[in-house]
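Asker:
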Amino acid sequence: MDRQRTHRRATSQTMSEVANTRSLYGRKASKSISTGTVLPPTQDFSDVESHDSESIHEKPPPKPQTGPVSWMSLPRKDQLLILFLARVVDFLQVASLQAFVFYQLKSLDPRLTDAEISSQAGWLQGAFTGAQVLTAMWWGKAADAPWCGRKMVLIIGTFGTAISCFGYAFSSTFAWCMFWRMLGGSINGTVGIIRTMVAEVTVERKYQSRAFLILPISFNVAAFIGPVMGGLLADPAANMPGIFGKDAILGFDWVRRYPYAIPSLLNCLFLSLAGWAIILCLEETLPTKRGQFDYGLHLASRIKQKIFGKSSYDYARLDDNDQHTTGGPYEEKLSTSQPVKRSFAKLPFNRIWTKNVLFTLITGAFYDFHLGAFQNMWSLFLSTPRALPEQVASRSLPFVFTGGLGFPAASVGFATSIIGFFGMFLQLFVYPKVHARLGTLRGFQLFLALFPIAYFLAPYLAVMPSSSEAPAPVSGPTVWIFICLVLAFHVFGRTITLPASIILVNNCSPHPSVLGTIHGLGQSVSAGFRTVGPIVGGAWYGSSLEMGMVGASWWGVACMSLLGCAAATLIYEGSGHEIYLEGEEEEIMSTPLQTVRTRR
Numbered sequence: 001m002d003r004q005r006t007h008r009r010a011t012s013q014t015m016s017e018v019a020n021t022r023s024l025y026g027r028k029a030s031k032s033i034s035t036g037t038v039l040p041p042t043q044d045f046s047d048v049e050s051h052d053s054e055s056i057h058e059k060p061p062p063k064p065q066t067g068p069v070s071w072m073s074l075p076r077k078d079q080l081l082i083l084f085l086a087r088v089v090d091f092l093q094v095a096s097l098q099a100f101v102f103y104q105l106k107s108l109d110p111r112l113t114d115a116e117i118s119s120q121a122g123w124l125q126g127a128f129t130g131a132q133v134l135t136a137m138w139w140g141k142a143a144d145a146p147w148c149g150r151k152m153v154l155i156i157g158t159f160g161t162a163i164s165c166f167g168y169a170f171s172s173t174f175a176w177c178m179f180w181r182m183l184g185g186s187i188n189g190t191v192g193i194i195r196t197m198v199a200e201v202t203v204e205r206k207y208q209s210r211a212f213l214i215l216p217i218s219f220n221v222a223a224f225i226g227p228v229m230g231g232l233l234a235d236p237a238a239n240m241p242g243i244f245g246k247d248a249i250l251g252f253d254w255v256r257r258y259p260y261a262i263p264s265l266l267n268c269l270f271l272s273l274a275g276w277a278i279i280l281c282l283e284e285t286l287p288t289k290r291g292q293f294d295y296g297l298h299l300a301s302r303i304k305q306k307i308f309g310k311s312s313y314d315y316a317r318l319d320d321n322d323q324h325t326t327g328g329p330y331e332e333k334l335s336t337s338q339p340v341k342r343s344f345a346k347l348p349f350n351r352i353w354t355k356n357v358l359f360t361l362i363t364g365a366f367y368d369f370h371l372g373a374f375q376n377m378w379s380l381f382l383s384t385p386r387a388l389p390e391q392v393a394s395r396s397l398p399f400v401f402t403g404g405l406g407f408p409a410a411s412v413g414f415a416t417s418i419i420g421f422f423g424m425f426l427q428l429f430v431y432p433k434v435h436a437r438l439g440t441l442r443g444f445q446l447f448l449a450l451f452p453i454a455y456f457l458a459p460y461l462a463v464m465p466s467s468s469e470a471p472a473p474v475s476g477p478t479v480w481i482f483i484c485l486v487l488a489f490h491v492f493g494r495t496i497t498l499p500a501s502i503i504l505v506n507n508c509s510p511h512p513s514v515l516g517t518i519h520g521l522g523q524s525v526s527a528g529f530r531t532v533g534p535i536v537g538g539a540w541y542g543s544s545l546e547m548g549m550v551g552a553s554w555w556g557v558a559c560m561s562l563l564g565c566a567a568a569t570l571i572y573e574g575s576g577h578e579i580y581l582e583g584e585e586e587e588i589m590s591t592p593l594q595t596v597r598t599r600r
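Each residue of the sequence shown is one higher than the one before, starting from 1 at the first, in UniProt numbering.
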């Protein structure tokens, strides 16, 4: 009798837990459930007896420990590291270009005016993302297809971008520069795929705030290193004659003939190394391909065996539960109930367009527009010559004034790298606290308001007191303090909103089978408006210079960012699985409790 009462109590508790879990998926709990249990893998069960499939433990399984997620508790840190490096080198080739693009275009055609160079710079920076718009959706579909997969798309994109950097290094006309940037963008579908793989490596939502943070951190690392590298190595024969001069050790003829080639060649090298790291170390995360034989991983295993003289273990498909472990030995007791058959049904393309998906993409469109515009306009503004004395005399503050800061390429690189330096510090030490307090959606909505402030203040750098007279570059503590103030607003806003935007796109997916497609759509929208942003921003900036009111372009971008703030109020944070296909309800109800807890 005691045994039967215990069995009824435990079964009732199990049904309650499944009902609670089912409510998270928006469905009512079924009355028919399996009483098989799976003990949590993080506990030591060496003293627990094994029971047959009809028995149940008298004590309910202990709840997994909860607490703040740390970097060390993230699952599969080796895989996250490879994805981090792939994203760093991918953005490095974009960030390094910002420091010298104004001077490179000037060297290609010295007859161009500053306004014409601003327009060309916008087209050149938009060419890469513009080509991504046309192909990102197809790369997303290829990543979801069993004949290709995530890893192959990442390999193709990384090596393809490396080839485009090599070609760009030796371009001698604006047309060839455009060609190589467009080629690199068309073959580069890595951003959405990296986001998808991060989501699939860290399925549990509690890890997302940390795991997705590696993407903006990689952005800031590249934003810090790239402009400095581009600024220092641009025209090296003139800037470092002792190393790259005519009679120096590296004074090759091609260095003087192609003065802006070295940064692109370094990017080609870094991308190639990252490509080989992906081949040898990264595992496939597409569910239909996970665990299949991989020549790259097999080759890496053989190399380790040759170097260390130890027999290597072959890899094999892991259970869903194994994907969420954070390391450490454990013993897992399984019931003898029938295993659950995973379904791989895919949501049709015409059903992914939910209201939340649409508004999330619209919000991202405004967001990427003003980020792309700022990225181009900031480097142009720093490089633009200062206002001439007659232009200064015609000023009518607070709105009518013109000119830039007149920085050389090295100073442009340093001033731009401040973005990455601030960003790394804030994302490592400030973002986790803000996210824990406000959450993903609330933090995203609140910190979007910092961008209009930054864009409104930016043009006033042109009228700050300087210790040097025009046409020399502006200098003095007042200028640099104001530069840091403007960038503080921008970087603080981006630090909180960029990882949040990635999480919101990931969680707005209506079904796991279209996660890669959703990220492909997100990348298409992002690339599209990061194309339009630099082009429109560059055109606005050139027009504002011609009309003698440089602030007009900045304030136009500020208005676009305000529209993004309004659009963000119409979205909500989804679950990533809001539409259920035929048979999925039965699958969830037949899934052992511990597996359901793990998915949750």
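Ideal placement from N, C-alpha and C gives every residue a C-beta, glycine not left out.
Nearest-angstrom Cα distance between Arg302 and Leu280?
Answerer: Reading the sequence shown from its first residue, position 302 is the one you call residue 302. Reading the sequence shown from its first residue, position 280 is the one you call residue 280. Arg302 and Leu280: Cα-Cα distance of roughly 11 Å.
Asker: Relative to the C-alpha of Leu105, which residue among Phe91, Val94, Gly122, Gln93 is closest?
Answerer: Position 105 of the sequence shown holds residue 105. Looking at the Cα atoms, Gly122 is the closest of the given residues.
Asker: Helix, strand or coil, according to DSSP, for Ser526 in the structure here?
Answerer: Walking along the sequence shown from the start, residue 526 turns up at place 526. DSSP places Ser526 in helix when its eight states are reduced to three.
Asker: Which value, in whole angstroms, describes the spacing of the CA atoms of Ser73 and Thr202?
Answerer: Residue 73 sits at position 73 when you count from the first residue of the sequence shown. Residue 202 sits at position 202 when you count from the first residue of the sequence shown. Approximately 11 Å, taken between the alpha carbons.
Asker: By Cβ distance below 7 Å, which residues in the same chain neighbour Gly404 in space, the five residues on each side in sequence not counted?
Answerer: Here residue 404 refers to the residue found at position 404 when the sequence shown is read from its first residue. Taken in chain order, the residues that qualify are Phe381, Leu382, Ser383, Thr384, Pro385, Arg386, Ala462.
Asker: Can you have a look at Ser96 and say buried or exposed, based on whether 16 or more other CB atoms are within 10 angstroms of its CB?
Answerer: Taking the sequence shown and counting its residues from 1, one reaches residue 96 at position 96. Around the Cβ of Ser96, a 10 Å sphere holds 16 or more other Cβ atoms; the residue is buried.
Asker: If I'm right that residue 669 touches Leu282 with Cβ under 8 Å, what's the distance once you round it to whole angstroms?
Answerer: Here the chain covers residues 1 to 600 and nothing more, so residue 669 does not appear.
Asker: Going by DSSP, name the residue or residues bridged to Ser396.
Answerer: Numbered from its first residue, the sequence shown carries residue 396 at position 396. Partner(s): Val400.
Asker: Answer yes or no: the CB of Gln523 versus the heavy atoms of the ligand GDP, is any distance below 7 Å?
Answerer: Absent from the structure shown: the ligand GDP. Ligands present: none.
Asker: State the Cα-Cα distance for the pair residue 628 and Val392, rounded to the nearest angstrom.
Answerer: Outside the shown range of the chain (1 to 600) lies residue 628, about which nothing can therefore be said.
Asker: If Ala527 sits next to Thr129, beta carbons under 8 Å apart, how far is it from one beta carbon to the other, in whole angstroms?
Answerer: Position 527 of the sequence shown, counted from the first residue, corresponds to residue 527. Position 129 of the sequence shown, counted from the first residue, corresponds to residue 129. Yes, Ala527 and Thr129 are in contact; Cβ-Cβ is about 4 Å, under 8 Å.
Asker: Lys355 by DSSP, collapsed to three states: which one?
Answerer: As a first step, residue 355 is located in the sequence shown; it is residue number 355 there, counting from the start. Note: Lys355 maps to helix in three-state DSSP.
Asker: How is Ala29 classed by DSSP in three states: helix, strand or coil?
Answerer: The count along the sequence shown starts at 1 and reaches residue 29 at position 29. For Ala29, the predicted model reports a pLDDT of 36, less than 50, meaning its position is unreliable and no value from the coordinates is stated.
Asker: Can you give me the C-alpha to C-alpha distance between Leu233 and Phe451, rounded to a whole angstrom?
Answerer: Sequence index remark: in the sequence shown, residue 233 carries index 233 (1-based). Sequence index remark: in the sequence shown, residue 451 carries index 451 (1-based). The straight-line gap from Cα to Cα measures roughly 31 Å.
Asker: Can you list, in chain order, the residues of its chain with a C-beta nearer than 7 Å to that of Tyr258? Leave out the 5 residues immediately preceding and following it.
Answerer: Position 258 of the sequence shown, counted from the first residue, corresponds to residue 258. For Tyr258, the CB contacts under 7 Å within the same chain, skipping 5 residues up- and downstream, are Ala169, Phe170 in chain order.
Asker: Taking 8 Å as the threshold, find out whether the stretch 539-555 comes into contact with the stretch 113-120 through three or more Cβ pairs.
Answerer: yes
Asker: Starting from the C-beta of Ser119, find all residues in its chain whose C-beta is less than 6 Å away, skip the five residues before and the five after it, and write them out in chain order.
Answerer: Your numbering for residue 119 matches position 119 in the sequence shown. Result list for Ser119: Gly538, Ala539, Gly542, in chain order.
Asker: If I measure Cβ to Cβ from Thr190 and keep anything under 7 Å in the same chain, skipping five residues before and after, which residues do I get?
Answerer: Reading the sequence shown from its first residue, position 190 is the one you call residue 190. Correct list, in chain order: Ala86, Asp90, Leu154, Gly157, Thr158.
Asker: On the DSSP letters alone, give me the boundaries of the alpha helix (DSSP H) that Ala345 sits inside.
Answerer: Here residue 345 corresponds to residue number 345 of the sequence shown, with the count starting at 1. Where Ala345 is concerned, there is no enclosing alpha helix (DSSP H), given that its DSSP letter is neither H nor E.
Asker: Tell me whether the stretch 141-153 and the stretch 283-301 touch, counting them as touching only if at least three CB pairs, one residue from each stretch, are closer than 8 Å.
Answerer: By the Cβ test, the stretch 141-153 is in contact with the stretch 283-301, since at least three Cβ pairs between them sit closer than 8 Å.
Asker: With a threshold of 8 Å on Cβ separation, who are the neighbours of Ser411 within its own chain once the five nearest residues in sequence on each side are excluded?
Answerer: The residue you call residue 411 lines up with position 411 of the sequence shown. Cβ neighbours of Ser411 beyond the five flanking positions: Gly231, Leu382, Pro473.
Asker: Comparing alpha-carbon positions, which option in Trp147, Leu269, Ser218, Tyr295 lies nearest Thr288?
Answerer: Within the sequence shown, numbered from 1, the residue matching residue 288 stands at position 288. Considering only alpha carbons, the answer is Trp147.
Asker: So the alpha helix (DSSP H) Leu233 belongs to, where does it begin and stop?
Answerer: Here residue 233 is taken as the residue at index 233 of the sequence shown, counted from 1. Looking at the DSSP string, the run of the alpha helix (DSSP H) that includes Leu233 is 214-233.
Asker: On the DSSP letters alone, give me the boundaries of the alpha helix (DSSP H) that Ser466 sits inside.
Answerer: Residue mapping note: residue 466 aligns to position 466 of the sequence shown, counting from 1. Here Ser466 belongs to no alpha helix (DSSP H), and DSSP marks it neither H nor E.
Asker: Please classify Ser513: is it buried, with 16 or more other beta-carbons within 10 angstroms of its beta-carbon, or exposed?
Answerer: Residue numbering aside, residue 513 sits at position 513 when the sequence shown is read from its first letter. That one is buried.
Asker: Any chance you could list the beta strand (DSSP E) runs of at least 3 consecutive residues sitting entirely within the stretch 448-497, in chain order?
Answerer: none
Asker: How many angstroms separate the CA atom of Phe447 from the CA atom of Phe270?
Answerer: Working through the sequence shown from its first residue, we reach residue 447 at position 447. Working through the sequence shown from its first residue, we reach residue 270 at position 270. Spanning the two alpha carbons is a distance of roughly 34 Å.
Asker: Ignore the nearest five residues each way along the sequence and tell me which others in Ile535's own chain have a CB closer than 7 Å to its CB.
Answerer: Counted from its first residue, the sequence shown places residue 535 at position 535. The answer, listed in chain order, is Gly122, Trp123, Gly126.
Asker: Round the Cβ separation of Tyr572 and Leu441 to the nearest angstrom and send it over; I've been treating them as touching at under 8 Å.
Answerer: As a working mapping, residue 572 is identified with position 572 in the sequence shown. As a working mapping, residue 441 is identified with position 441 in the sequence shown. Confirmed, Cβ separation roughly 7 Å.
Asker: In whole angstroms, what separates the C-alpha of Ser188 from that of Phe456?
Answerer: The sequence position of residue 188 within the sequence shown is 188, counting from 1. The sequence position of residue 456 within the sequence shown is 456, counting from 1. Just to set this straight, residue 188 is Asn in the shown sequence, not Ser. Roughly 34 Å between the two C-alpha positions.
Asker: Tell me whether the beta-carbon of Gly493 lies closer than 8 Å to the beta-carbon of Val221.
Answerer: Numbered from its first residue, the sequence shown carries residue 493 at position 493. Numbered from its first residue, the sequence shown carries residue 221 at position 221. Pairing Gly493 with Val221 gives a Cβ-Cβ distance that is not under 8 Å.
Asker: Measure the alpha-carbon distance for Phe425 versus Ala277 and round it to whole angstroms.
Answerer: Working through the sequence shown from its first residue, we reach residue 425 at position 425. Working through the sequence shown from its first residue, we reach residue 277 at position 277. Each residue's alpha carbon lies about 27 Å from the other.
Asker: Provide the residue span of the alpha helix (DSSP H) that contains Tyr258, from first to last.
Answerer: Residue numbering aside, residue 258 sits at position 258 when the sequence shown is read from its first letter. Element bounds for Tyr258: n/a, residue is neither H nor E.
Asker: Please report the distance separating the alpha-carbon of Val88 from that of Ser396.
Answerer: Mapped onto the sequence shown, residue 88 falls at position 88. Mapped onto the sequence shown, residue 396 falls at position 396. Roughly 44 Å separates the two Cα atoms.
Asker: Relative to the C-alpha of Ser379, which residue among Tyr260, Asp235, Tyr103 is closest?
Answerer: Taking the sequence shown and counting its residues from 1, one reaches residue 379 at position 379. Ranking the options by Cα distance to Ser379, first place goes to Tyr103.
Asker: May I ask you to report which of helix, strand or coil DSSP gives Lys304?
Answerer: To locate residue 304, count along the sequence shown from 1; it is residue 304. If DSSP states are grouped into helix, strand and coil, Lys304 belongs with the helices.
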